[in-house]
């Protein structure tokens, strides 16, 4: 796809949402690393990340995105143009990695154990072809049909999901 290049401050802000909790990290934008250093390749996993404070505007945006897109777990990226103080949303991911968020696993576990959108998570994990195990230790994988997935008990032990994903 093609999109407009936004001359920004060179920092990518990654916002992660789990239910009503919003987390943020920032890192140097890989595009700017390439433009500056011209490396043959960039391992984005090695780019240093640090905590990014969530503003009221970003919190409001996350609530709007959650409501309008019917998402409870998602992430999005923001950049700040050099010519103004507003953020531009440049990417949205409905199944983000939560890389750089120290408590993400615990927050996801608490969200799932709280009974939030279990069927939604089953479908998402099924569609992605990831393996997870329900409380009865029955394996549900990408080889199972949607009918098989939904005929399994609805209770899921979240620690088993986290270990298998």
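Residue numbers (the working numbering): 141 to 305. Quick reminder that beta carbons are idealized off the backbone N, C-alpha and C, glycines included.
Around residue 206, the same chain offers 157, 212, 214 as residues with beta carbons nearer than 8 angstroms, after the five sequence neighbours per side are excluded. Per DSSP, the continuous beta strand (DSSP E) segment holding residue 233 begins and ends at 228 to 233. Where residue 191 is concerned, the enclosing beta strand (DSSP E) starts and stops at 189 to 191. Between residue 147 and residue 221, the gap from beta carbon to beta carbon is short of 8 angstroms. Where residue 145 is concerned, there is no enclosing alpha helix (DSSP H), because DSSP gives it neither an H nor an E. For residue 204, the enclosing alpha helix (DSSP H) begins and ends at 196 to 209. When DSSP states are grouped into helix, strand and coil, residue 166 belongs to the strand group. The shortest CA-to-CA distance from residue 166 to any of 230, 199, 154 is the one to 154.
Between residue 192 and residue 164, the CB-CB gap stays under 8 angstroms. Contact between residue 194 and residue 162 holds: their C-beta atoms lie close to 5 angstroms from each other, under 8 angstroms. Between the alpha carbons of residue 223 and residue 149 lies a distance of about 9 angstroms. Taking the CA atoms as reference points, residue 225 sits about 24 angstroms from residue 142. Annotation: residue 254 to residue 247 spans about 10 angstroms, alpha carbon to alpha carbon.
Cβ contact annotation for residue 168 (same chain, cutoff 7 angstroms, sequence separation greater than five): 150, 151, 187, in chain order.
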